[in-house]
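Undergrad: Quick one: this structure, given as structure tokens, is what I'll be asking you about.
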Amino acid sequence: MNKPLRRIAIFCGLLVLTLLLRDNYLQYVRADKLKDDPNNRRVTIARYATPRGDIIVSGGDPITGSTLTSKTGLNDLKYKRTYKNGPMWAPVTGYASQAFGATQLESIEDGILTGDDDRLFFRKTLDMITGKEQQGGNVVTTLNAAAQKAAYEGLKQRGGKGAVVALEPSTGKILALASYPSYDPSSFAGNTNDDAAAWKKLQKKYNPSDPMLNRALRETYPPGSTFKVVTAAAALENGKYTSADEKTDSPLPWTMPGTTTQLKNEGNIPCENATMRVALQYSCNTVFGKIGSDLGNDKMLAEAKKFGFDAEQFTPVRSSASVFSDDMNQSQTALSSIGQYNTAATPLQMAMVASAVANDGKLMKPYMVDSLQSSNLDPVATTQPEELSRPLSPKNAQILQDMMQTVVEKGTGTRAKIDGVTVGGKTGTAQHGVENSENPYAWFISYAKLSDGSSPVAVAVVIEDESANRDDISGGGLAAPIAKNVMEAVIDSKK
-17 MNKPLRRIAI FCGLLVLTLL LRDNYLQYVR ADKLKDDPNN RRVTIARYAT PRGDIIVSGG
43 DPITGSTLTS KTGLNDLKYK RTYKNGPMWA PVTGYASQAF GATQLESIED GILTGDDDRL
103 FFRKTLDMIT GKEQQGGNVV TTLNAAAQKA AYEGLKQRGG KGAVVALEPS TGKILALASY
163 PSYDPSSFAG NTNDDAAAWK KLQKKYNPSD PMLNRALRET YPPGSTFKVV TAAAALENGK
223 YTSADEKTDS PLPWTMPGTT TQLKNEGNIP CENATMRVAL QYSCNTVFGK IGSDLGNDKM
283 LAEAKKFGFD AEQFTPVRSS ASVFSDDMNQ SQTALSSIGQ YNTAATPLQM AMVASAVAND
343 GKLMKPYMVD SLQSSNLDPV ATTQPEELSR PLSPKNAQIL QDMMQTVVEK GTGTRAKIDG
403 VTVGGKTGTA QHGVENSENP YAWFISYAKL SDGSSPVAVA VVIEDESANR DDISGGGLAA
463 PIAKNVMEAV IDSKK
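Take -17 as the starting number for the sequence shown in our numbering and just add one per residue.
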């Protein structure tokens, strides 16, 4: 071969090698980045080329569907998402929109729902061989439809804003997850002008009630007196008091250390040197504030963390971290120990507190996806219950159960009573606004125990109602009846 031809051959070989390197770089190194590039419309077209799989509740009822976007074929996105009782289930499903993407379960389990997940390889291969159109799999949740309806309808009838979370204490299964006000994901599932207008109306900038905020998982509130359950647990676990009926060292009035400020109780209630049972029954600030102050920031923080504070939870939808601060002085710790100052909690977090007490001190990791299925209902993955921590010994948990049951039997939580069922609970009315200038939040946490000793449900309810008469706002009055309805729904569904 003469010299010019050799040079041309070498040059052509280098071009081919460069092309191969470039091709491999694009296909393997940059594949994921290109796939997720917002300008890559092929991914979106593929996502909506076939009906999505369903999100299922109560073991078999789908709360989602798919419909043809356009019968004329002018839209290159063939199918769009539909929702059954969309506002009720939006905190669980999130949304899948042709124009605005996806959130929550619709986003986290997108691979299963579209059929693209690698775990569906065998199903996809079989469909390819048989020429069958690719189908999405299903996400089977732990949600109980009756409990969810009771939670959502309770919030809706109450008005204002609020959230409810119900857990199965023995497993951590989420049975209800409601937030109000809510939104219908179907209203912007397409990519038309109407969808864009519906989306705009839901944004906080145009709608101050912020219906797209998942208050059950993403909003933190001062938990008020419901946090006294955590403080009581800290007192028992650290040996400060060893029974529900031992008198506490609780003078009245009590001035917070390092200040000239007396911690006040609500009304004329028997808090002086009260037992922890009586203190929880009447919700004595002085008793639990002093317990927190005496134990100190470190011990209170350690107990709060055992219940899940200061850590995000993944259900798999992310829940914001609840807060119990470190580096507080004694008076700040006292206020934090009655659920004020910097203490803040999601409704999920406070349901976890009630759940751990009901489950004899064992806190199970909360989760809402029971299993994943292929399109022909074959199991792809199943969630196994997982212990998260042990905030209480069984003995101390049972002491605290006894105290919480007194709250419902003859304390501030009597509106949560259920005939033939043992109910434990704790009310809370949390200060809100600068110098408590705005209407307080009404809280109630509770659990139910059946005659066989099992506890099928623990609940947390929080109500924000700016329009209510301030004197009418209480956890026992506003939140406890909703918790009762949710607990009854779960119990009835198991009969």
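Heads up, the beta-carbon is just placed ideally off N, CA and C, and yes, glycines get one too. As the structure is a prediction and not an experimental result, all values here were calculated from the model.
With DSSP collapsed to three states, give me the class of Ile251.
TA: Residue state, collapsed to three classes: coil.
Undergrad: Going along the chain, which residues of its own chain have a beta-carbon closer than 7 Å to the beta-carbon of Pro367, five neighbours each way excluded?
TA: Closer than 7 Å at Cβ, skipping near neighbours: Thr153, Gly154 and Met346.
Undergrad: Assess contact between the region 170 to 183 and the region 223 to 234, defined as three or more Cβ pairs (one per stretch) separated by less than 8 Å. Is contact present?
TA: Contact fails: fewer than three Cβ-Cβ distances are below 8 Å.
Undergrad: Give me the Cα-Cα distance between Leu102 and Asn120, rounded to the nearest whole angstrom.
TA: Distance between the alpha carbons of Leu102 and Asn120: 11 Å.
Undergrad: Leaving out five residues before and five after Pro33 in sequence, what residues of the same chain have Cβ atoms less than 6 Å from its Cβ?
TA: For Pro33, where only same-chain residues beyond five positions count, the Cβ hits under 6 Å are Ser48 and Tyr61.
Undergrad: Just to confirm, is the Cβ distance from Val212 to Phe289 under 8 Å?
TA: Yes.
Undergrad: Taking C-alpha atoms, which residue in Ser437, Arg29 and Val269 lies nearest to Gln116?
TA: Residue Arg29 is the option with its Cα nearest to Gln116.
Undergrad: Which residues in the same chain as Pro438 place their Cβ atom closer than 7 Å to its Cβ, once the five residues preceding and following it in sequence are excluded?
TA: Glu150, Ala430, Leu432, Val472, Ile473 and Lys476.
Undergrad: When the Cα of Arg307 is compared with those of Pro298, Arg300 and Ala327, which residue comes out closest?
TA: The sequence given here has Ser at residue 307, not Arg. Taking only the C-alpha atoms, the option nearest Ser307 is Ala327.
Undergrad: Is DSSP giving Arg(-11) helix, strand or coil here?
TA: Of the three classes helix, strand and coil, the one that applies to Arg(-11) here is helix, per DSSP.
Undergrad: Taking the DSSP output, what are the residues bridged to Arg63?
TA: The partner list for Arg63 (beta bridge, DSSP) reads Ser48.
Undergrad: Measure from the alpha carbon of Gly343 to the alpha carbon of each residue in Met350, Val335 and Thr257, then state which is nearest.
TA: That would be Val335, whose Cα lies nearest to the Cα of Gly343.
Undergrad: Straight-line CA distance for Asn247 to Leu199?
TA: Their backbone Cα atoms lie some 31 Å apart in a straight line.
Undergrad: In the structure shown, what three-state DSSP assignment does Ala129 receive?
TA: Ala129 falls in the helix class under three-state DSSP.
Undergrad: Got a sec? Which residues, its chain only, sit under 6 Å from Thr124 by beta carbon, not counting five neighbours each side?
TA: Counting only Cβ-Cβ distances below 6 Å, and skipping sequence neighbours, we find Lys155, Ile156, Met350 and Asp352.
Undergrad: If you run the structure through DSSP and keep just helix, strand and coil, what is Ile320?
TA: Coil, per DSSP.
Undergrad: Could you tell me which residues DSSP puts in a beta bridge with Ile427?
TA: Bridge partners of Ile427: Lys408 and Ala442.
Undergrad: Just to check my reading of the structure: Gly274 and Ser318 have Cβ atoms closer than 8 Å, yes? What is that Cβ distance to the nearest angstrom?
TA: The Cβ separation is near 7 Å, so the contact holds.
Undergrad: For Ser302, which residues does DSSP report across the bridge?
TA: Bridge partners of Ser302: none, in fact.
Undergrad: Let me confirm a value: Lys(-9) is counted as buried when at least 16 other C-beta atoms fall within 10 Å, else exposed. Which label applies?
TA: In the sequence as presented, Lys is not what sits at residue -9; that position holds Ala. When all chains shown are included, Ala(-9) counts as exposed.
Undergrad: Taking C-beta to C-beta, are Ala81 and Asn189 nearer than 8 Å?
TA: For Ala81 and Asn189, no; Cβs fall outside 8 Å.
Undergrad: Whole-angstrom Cβ separation of Asn224 and Leu245, contact assumed at under 8 Å?
TA: The question names Asn, but residue 224 is Thr in the sequence shown. Incorrect: roughly 24 Å between the Cβ atoms, too far for contact.
Undergrad: For Ser481, does the three-state DSSP call read helix, strand or coil?
TA: The structure shown has nothing for residue 481, since the chain only spans -17 to 477.
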